[in-house]
Every structure is written in C-alpha cells, then in structure tokens.
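Everything on this sheet refers to the single structure shown next.
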Amino acid sequence: MPLQGDMMAITARAVHEHLRSLGPWVAWDGGTCDGFKHGDPETAVTGIAVTWQAHQQVLEEAHARGLNLVITHEPIYYSHMDDDAAMCATPPARRKAAFLDETGMVVYRCHDLWDVYPEQGVVDAWSAFLGLGEPIARERYYNLHAIPKTSAWELVERIAHRVGPLGQQAVQFVGTPWQMVHRLAVGTGAITDVRRMVAMGADVVLATDDGVTLWRDGAYMADLGVPLLVVNHATAEIPGMRNLATYLAECFPGVPVAFLGPTCGYEILATERMRDTAIRMRRDDLQELPPVELPPGYAHRPMAADEVWAYLEVMNRSTFDGQADQAWFARTFGDDPDYDAAHLQLIWRGDRPVAAAAAWHKTIDDAPWGMIHWVGVADTERGSGLGKAITLAALHRLRARGFTRAMLDTNAWRLAAVAAYMRLGFRPWPTERGPQEVWDRVLADMEAWRRWGAARPRE
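Reminder that position 63 of the sequence shown reads as 62 in numbering that gives the first Met the number 0, one-by-one numbering, no gaps.
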C-alpha cells in the first residue's frame, strides 16, 4: 500500500522508519548493521537508488540520475559494520566520503531486515528466481527444495542458464558430474554453512563464493560425496534487492526508485569447457528398428499443426528453462521450407505432453542425413523409458521420410543420453568441433560413471 502521495516530500528518516516497522526481529537498538552509514537522515529524498553494494561508480550514477538516497545491502566502507577506522581511512573510503559530503547524498544499509524478509527478501527471492517452488524445509538463511531427479551436472547447466542474465558467466562445481540428486539446499550471503545445509536433508548444495572456502568446504563435500555448486555472493542476492526496489517504488509512488549495479562481481576467462563440447553420433542403417513401446497410460502420435504449444511445453520442462518460445520454434523448425508438423513426435500422458523429439534433416558434406533433433522428456517423467521411446518414434518417422541413416548432436556431459543412443545403435562420429580426443574423454567418463554406479549402494 502506498505510504506517500505523489506531491508529498519524504525524508530519508521516513524511509528508515518504514523499513524498521517491517522487521521486529532486527536488533534496531544495537547490534544490527542496518541503518544510516553516511549523510543527514533529515535530507529530503529526491530519489532512491537500491544496490547490492554502493561502489563509487554506483554513487556517481545515482547522483547523475538525481537519486540522493542510496540503499545498499552490503557495506560501503569495506567492513561489516562500516566502523573499521583503518578501512575508513583508506583512499577509496576517503574518496567516497568526500563525494557524499560534496553531493549531500545519504547512504542507508538494509541487510539484516531484507535477508530474511518473507517472500520478497533475499533468501526467498533467490529460490523464486531459480524457479524452485516452495521449500520443503526452511532455516533462517537456507531453503531446501525437492527437485526432479537429475544429474548434478545437468543441475549445474540449469543454474548456469538462470544466472547468466545476472552477469554470472560460470558456476563452480565440486563433485561427481553424473551423480543423481533430488534435494537441493540453497543459501545466500557469506554464511552458506554446507554442513548445516546437508543436515537439512540436501543431497546437493548451492552456496556462494563468500560463504564457502574450497580448501575446507569443497574438500569436505568431496569426501562426503555431496555435490557442491557455487555462485557469486552478489548473484544470489540481486533478485532480492531488485524486489526491494520494486517494493519501495510501490510504497513511495511519488519518489523515483531504481536498482543500480553491480551484478556478478567478476568475469570469467575459461580456458576449457570440454563438458559443453558438442559431439556427434551416427547410425548408418534404419532397417532394423525395434517397435516403440510405452508404459501403460502413455500414448504416442505425430504432432498436429496446432500442437506447437505441446512441443514447447516439453522443451521447457526438459532441455530449456522457459527460453523455448514461438520465436525459437520458428527459427528451429517453422521457417524451414520442408517443415511438416508431423515430423515432430509427441508422447502424451492424458492431456499433457511429456516427451518430444524431431525427425529432422541435415545436409553434411553435400549428403542428406536424417537427424534426431531436440529430444526432451519432462522432468517429472524421467525413469519411465520415454527417452528411448520418443527417439525410436523419431527414427521410425525418419525411415518413413525415406532416410536410410540418421545422426544427432548432443553434449559431452550428457553421459546418460550418449549411453542410451549407443544402445539404440548410434556410434561416435568425431568431427572438427568434437574430435576423437573429446570422444576419448567422453568414453572414459562413461566407464568411470559405470564403475561409480556399480560401487554405489542401491537406494
């Protein structure tokens, strides 16, 4: 509910009093880092800049935009309480203070309140941003989520795609890539205690770089056998701080409010990403294809012209994370002059599509090939044999289209898919992009995966 009319001036103190009213759990009378860090609380607010951390560049941008109240989540003067005399005396701190004095700006810290503010605050906003749904367990700074059973590396891929728009170019990973996981604990800030998160019931943990040390926590998780994913501290908290900007804009509609940088605190120069390498496979004969067999309750049919939505639904519940839309479909299939909706195969469970694949085509070295393209099984249906069934359905369709051979492209990290394709008669096809040396590593990983699986106790 708006607290001020469009024409009413507010002070920085009024914003503070409103925030204070939201958090009875905060030690407002002593012990909290929240509160004014620079400037006069009685200053009339011309605009509010919300940021994860008030770097010099953020302060200058806020001033240029007429936003004289800066609300930061993290310290401005490089110590938790912003009271370290030695740090406050450093050249960067003195420069900030002089700039703030010169411009009359006010800096306010909102940390202890917004970290655990329900739903919109940092912890819950991180879970929501990742699309994890409601937690099955909570602690003050952690949420535990049930997720569809997946390999740890596939989870890395999904998290990486989610955090890319926040400036995070990579996700750190410690563990066995092909280990299957289904209970994810997430945390934010500098206190991601991996042992506490595992004690909540997690079989995979997403922590932050400021919240773990790899020599201690990485080694512990490796020896424990629980995969560990790590993202930047800022990355995990930006969704919550964006929510704070939205919240303040709604509370004070007459005051301009903007979220300002930074995003992820660093850039990555990766020298090798073997697991993301595209690899190719081929099957040279389509004559001896086994029949498509489905568990009870499932049905297969070619896609109808008005069922593009169904194909996209499967893609977004398997390979993609919401990015497969009508424009993607047009680029991938619909704009091709040989497009026919029936080239795309679907498996249904009742009235919901649960698996999809395309019996597509590709020209390689001037020769036509049938192509198994964009195979997906809804995350809730894994383990039902649908991957094999939908791939076979596409192979049968390719044969009906007149193709005598088929190929496909996949990624080097998709060991389960590579193994399944091999069982369906595909073999490695080294290319310039995915040469034999990459295939040698893939096959070695598959052997290690088999040995690892044989040594694991059955659940």
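Backbone N, C-alpha and C fix where the C-beta goes; we use that ideal spot for every residue, glycine too. Treat the numbers as computed from the prediction; the structure is a model and nothing was measured.
DSSP places residue 239 in no beta strand (DSSP E) but in the uninterrupted alpha helix (DSSP H) bounded by 232-250.
Within the same chain, 181, 378, 379, 381 come within 8 Å of residue 147 by CB-CB distance, once the 5 residues on both sides are set aside. If you compare the alpha carbons of 223, 428, 14 with that of residue 175, the shortest gap goes to 223. The continuous alpha helix (DSSP H) containing residue 315 extends over residues 307-315. The beta carbon of residue 112 is closer than 7 Å to those of 18, 21, 22, 25, 33 in its chain, skipping five residues each way along the sequence. Straight-line measurement puts the Cα of residue 99 at about 10 Å from the Cα of residue 55. Bridge pairing for residue 150: 179 [DSSP].
Residue 316 and residue 375 have their C-alpha atoms some 8 Å from each other. When C-beta atoms of the region 199-208 are compared with those of the region 68-85, fewer than three pairs fall below 8 Å, so the two segments do not count as touching. If one requires a minimum length of 4 residues, the alpha helix (DSSP H) runs lying completely within the region 68-107 are 84-87, 90-102, in chain order. Only residues of its own chain outside the window of five on either side were considered, and among them 360 have a CB closer than 7 Å to the CB of residue 337, listed in chain order. For the pair residue 125 and residue 50, the CB atoms are not nearer than the 7 Å cut-off. Setting aside the 5 residues that flank it on each side, residue 388 is surrounded in the same chain by 291, 293, each with a C-beta closer than 6 Å to its C-beta; the list follows chain order. Considering only 94, 230, 219, the residue with the shortest C-alpha distance to residue 168 is 230. A direct Cα-Cα distance of roughly 20 Å separates residue 394 from residue 335. Contact annotation: residue 135 and residue 143 have beta-carbon atoms nearer than 7 Å. Per the DSSP secondary-structure output, residue 138 pairs in a beta bridge with 141. Pairing residue 234 with residue 155 gives a Cβ-Cβ distance that is not under 7 Å.
Contact fails between the region 411-425 and the region 237-255, because fewer than three Cβ pairs, one in each stretch, are under 8 Å apart.
Exclusion of the five residues before and after residue 300 leaves 345 as the residues of its chain whose Cβ lies within less than 7 Å of its Cβ. Between the C-alpha atoms of residue 208 and residue 192 there is a straight-line separation of about 12 Å.
Contact check for residue 423 against residue 280 fails: the beta carbons are separated by 7 Å or more. Distance check between residue 122 and each of 369, 232, 30 places 232 closest, using alpha-carbon atoms only. For residue 406, the enclosing beta strand (DSSP E) stretches over residues 405-410. Distance check between residue 153 and each of 190, 428, 140, 318 places 318 closest, using alpha-carbon atoms only. Our two residues, residue 358 and residue 170, have alpha carbons roughly 33 Å apart in a direct line. Restricting attention to 172, 341, 195, the CA atom closest to the CA of residue 138 is found in 195. Only exposed fits residue 80, as fewer than 16 other CB atoms lie within 10 angstroms of its CB.
Secondary structure of residue 348 (DSSP, three-state): strand. Beta-bridge annotation (DSSP): residue 49 is paired with 70, 258.
In the structure shown, the three-state DSSP call for residue 413 is coil.
For residue 131, the secondary structure class from DSSP, reduced to helix, strand or coil, is coil. For the 7 Å CB-CB criterion, residue 131 and residue 237 do not form a contact. Closest in C-alpha terms to residue 109, from the list 303, 27, 339, 92, comes 27.
A distance of 7 Å or more separates the beta carbons of residue 42 and residue 106. Per DSSP, reduced to three states, the secondary structure at residue 219 is helical.
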